[in-house]
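Some notes on the structure that comes next.
Numbering (this note's numbering), first residue to last: 407 to 472.
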């Protein structure tokens, strides 16, 4: 039987939500081993005038506890 743990992280990107998600998983992977999945819980943007300046994601990352 595997034991899984879920953490919630936020990340941002000036390119896209996909890039923000990749950054979240990559950064979490520096200190967490055995990441199994990532679930984008929410997405938002920072707007200045009519321009999107930043894409933000709130991601739930699931990893196996060894």
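Cβ coordinates follow ideal geometry from the N, Cα and C atoms, glycine included.
- For residue 416, the closest C-alpha among the options 457, 456 and 432 is that of 432.
- Per DSSP, reduced to three states, the secondary structure at residue 429 is helical.
- In terms of CA proximity to residue 464, 412 leads the group 437, 412 and 455.
- Rounded to the nearest angstrom, the Cβ distance from residue 471 to residue 410 is 7 Å, consistent with a contact under 8 Å.
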